[in-house]
Amino acid sequence: MEVNPVIPAIPQATPEDIQAITETCRDYTEGWFTANEERMRHSLHPELVKRGIKFWQKRGKLDLGEVLSAKEMVNFTKEGGGSNAPETEKTFEVTVLDVFRHIATAKVSSYPYMDYLQLAKIDGQWLIVNGLYEPRLGQEII
0 MEVNPVIPAI PQATPEDIQA ITETCRDYTE GWFTANEERM RHSLHPELVK
50 RGIKFWQKRG KLDLGEVLSA KEMVNFTKEG GGSNAPETEK TFEVTVLDVF
100 RHIATAKVSS YPYMDYLQLA KIDGQWLIVN GLYEPRLGQE II
């Protein structure tokens, strides 16, 4: 297979886009930690697909967990989300890893989870469309 060595110029992400992506990730994470369903809803595309890596005892191996939808994430948040965690465990850091025009990838490193999020700029708003997460301490067992 031959690779074309000509690489077109990649548009630079604007500071406004970086800030908006960061704020979307903050709404997602802080919404979870404060059981604020509106902030969670505001951060997610309605067709969100979120999965985690889990250890399946019956299978004896790590594999993908169930798919969570935007509606389920909002409902879990409304039911309390991560609000019962001690305040010292509600810390997080957002890193925007890459932006290309209307798509982006960000990492949210919180005390309980490592999330890799894919976002899209739809009608001028950055929304999370895909998420993959894993517990930071130990592993989730089901």
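Anchor point for the sequence shown: position 64 equals 63 in numbering that gives the first Met the number 0, and the numbering is continuous, going up by one each time. We put the CB at the ideal spot given by N, CA and C, even for glycine. Note that the structure is a prediction, hence the values are computed from the model and not measured.
Exposure label - residue 97; buried when at least 16 CB within 10 Å: exposed
C-beta contact flag for residue 24 and residue 73 at 7 Å: no
Reference residue 32; option with closest CA among 121, 99, 85: 85
Contact set for residue 125: own chain, Cβ-Cβ below 6 Å, skip 5 residues either direction: 19, 20, 23, 118
Under 7 Å between C-beta atoms of residue 107 and residue 91: yes
Simplified DSSP assignment, three categories, for residue 88: helix
Beta-ladder partner(s) of residue 125, from DSSP: 120
Range of the contiguous beta strand (DSSP E) that encloses residue 104: 102–109
Residue burial classification, residue 79 (beta-carbon count within 10 angstroms, cutoff 16): exposed
For residue 14, the nearest candidate out of 135, 128, 100, 115 (CA to CA): 100
Sheet register partners of residue 132 (DSSP bridge): 51, 114
Residues bridged to residue 97 (per DSSP): 104
Close Cβ partners of residue 12 (< 6 Å) along its chain, the five nearest in sequence each way excluded: 98
For residue 122, the nearest candidate out of 37, 54, 102, 111 (CA to CA): 102
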